[in-house]
């Protein structure tokens, strides 16, 4: 019996494991106007405080909404929560709509992209300043690309099944090691996510106005596309940072990861130093290091732990180990009014379980570069039949289709076990459907979207058609988990909490930043 099959059997013998997966979704979406342009209005007061609302906030820009679900153990509940949040938001933004694509709508000028505002507190001002730094470093257009982040954790019963019952200290170490093993397998095989679910094969030409690119784009009505691309959002044109390419952050364990991350936060950047930190009495960025703060590290997956008040993400990980992982490779699904589907969530359940149960040797820099190269190939030309991917650093190659089928033979075993415990055949149905996409790239989301873009005569027109349709669907939705009263209550609570935070400030902004970054000295 293989290690994978043996581990799966152990978990399968532990009742209710698969009923206790923890899942949460963060969905980003731009507010846009009827003519397909970026909405220039501020974040609506009717949505509460972007600083403190638990469910609705902003990301980089005032126009870039982010919808956040709490942790749920049930897929249907998770999706219902997300739909309820979309419904409430759509009722509060008048005629504006939610852009249904990852790559932005038409943007006339980068100056139209207003930085997110979080009030007058030191915490709020620091959040805006961080974004000002991102704007100076990379430009605003890159920062309004939208994605879907999927937060996932296994229950203690999963670890008990694999490693036996342990005391708290041992369990903490075991979980962290296991989550990093999962992360390494995600780097090895996570390109399956952009292959199936990448949904940004095209972009508005306004996105790369004035920028050079060597990619052989084709043009439809002012939209640029690559015939076999899956996710330009994940490409060098998208949400990446070339300054970070030299960072050597390893994933062979928590200590190696934290060492690399802490070094990156402390590494000065000559390029960013030229911007200046405080010029003529006005801040331009938080500091001139390669990373201003840890959140600036762009990665397709992150190890996470819920932070305590005033705690930085790395401090939380050092204190308590990895608690959950954040998958960051999902494009917004243009064929869902809420940007993600139940099918995608169930696939991620299967894939992340497989990544945790499969062997995962330590990964050196050479192997990590090899897998990054594979991701890049899938992102730019993933729908090219028989695309070859390299296996580690040994020079062996295998087609994407052959690799995917190997993985799916294991995923199907997990699906059978999960369905047996949960009842029904939902997970096997996911395997049945997606397996047909392996040999038929035209079924993938990127192919479906590209077909729609061509039929509509451009990305903007396709996005507007879908956005109008989803506006109606989101307005017609009936609350399933929350209620109008509960959502309004959260709006009022968030506004009051922001006021409380602002009133409690005792330090000047200069003193606050000095204290916050004291650990760098």
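In the working numbering, the protein residues as written are 916 to 1436.
Using N, Cα and C, we set each Cβ at its ideal position, and we do this for glycine too.
| Item | Value |
| --- | --- |
| Own chain, CB closer than 8 Å to residue 1386, minus 5 neighbours either side, in chain order | 1005, 1012, 1013 |
| DSSP three-state assignment for residue 1108, whether helix, strand or coil | helix |
| Proximity below 8 Å, CB of residue 1100 to CB of residue 1273 | yes |
| First and last residue of the uninterrupted alpha helix (DSSP H) at residue 1015 | Looking at the DSSP string, residue 1015 is not in any alpha helix (DSSP H), and its letter there is neither H nor E. |
| Contact check, residue 940 vs residue 1257, beta carbons under 8 Å | no |
| Straight-line gap, residue 1080 to residue 1321 (C-alpha atoms, nearest Å) | 32 Å |
| Proximity of residue 1187 and residue 1203 at Cβ, strictly below 8 Å | yes |
| Beta-carbon gap between residue 1176 and residue 1209 smaller than 8 Å | yes |
| Whole-Å CB distance - residue 1374 paired with residue 1061, under 8 Å assumed | Going by Cβ atoms, the distance from residue 1374 to residue 1061 rounds to 14 Å, so no, they are not a contact pair. |
| Residue 1228 - DSSP class collapsed to helix/strand/coil | helix |
| Contained alpha helix (DSSP H) runs [length at least 4] in the stretch 1048–1105, N- to C-terminal order | 1055–1058, 1071–1078, 1083–1104 |
| Assigned secondary structure, residue 935 (DSSP; H/G/I helix, E/B strand, else coil) | coil |
| Residues sharing a beta bridge with residue 947, DSSP | 953, 1012 |
| Counted within 10 angstroms of its Cβ, other Cβ atoms place residue 1129 as buried (16 or more) or exposed | exposed |
| Proximity to residue 960 [Cα-Cα], best of 971, 951, 945, 1228 | 971 |
| Assigned secondary structure, residue 1201 (DSSP; H/G/I helix, E/B strand, else coil) | coil |
| Contact under 8 Å by Cβ, residue 1328 with residue 1334 | no |
| Range of the contiguous beta strand (DSSP E) that encloses residue 1134 | 1133–1135 |
| Nonlocal neighbours in the same chain, by C-beta distance under 6 Å from residue 998, ignoring five residues either side | 1253, 1392 |
| Delimiting residues of the beta strand (DSSP E) encompassing residue 982 | 979–983 |
| DSSP three-state assignment for residue 1431, whether helix, strand or coil | helix |
| Cβ neighbours of residue 951 in the same chain (closer than 7 Å, five flanking residues each side left out) | 1020, 1021, 1375, 1378, 1379 |
| Environment of residue 1196 [buried if 16+ CB atoms lie within 10 Å] | exposed |
| Backbone secondary structure at residue 1117 - three-state DSSP | strand |
| Residue ranges of each beta strand (DSSP E) within the stretch 1297–1353, 3 or longer | 1303–1306, 1311–1314 |
| Which residues DSSP lists as bridging residue 1240, in chain order | 1067, 1218 |
| Neighbourhood of residue 1207 by C-beta, 7 Å cutoff - its chain only, sequence neighbours within 5 removed | 1045, 1048, 1200, 1201 |
| Assumed close pair residue 1301, residue 1314 - CB separation to whole angstroms, cut-off 8 Å | 5 Å |
| Nonlocal neighbours in the same chain, by C-beta distance under 7 Å from residue 1402, ignoring five residues either side | 1003 |
| Beta-carbon proximity of residue 1172 to residue 1218, cut-off 8 Å | yes |
| Segment contact flag, the stretch 1273–1289 with the stretch 1235–1248, C-beta cutoff 8 Å, min 3 pairs | no |
| Same chain, Cβ closer than 6 Å to residue 1220, five either side skipped, listed in chain order | 1231, 1232, 1235, 1238 |
| Proximity of residue 1263 and residue 1069 at Cβ, strictly below 8 Å | no |
| CB of residue 964 within 8 Å of CB of residue 1316, strictly | no |
| Start-to-end residues for the beta strand (DSSP E) that takes in residue 1138 | 1138–1140 |
| 4 or more residues per run - each alpha helix (DSSP H) lying fully within the stretch 1366–1407 | 1374–1391 |
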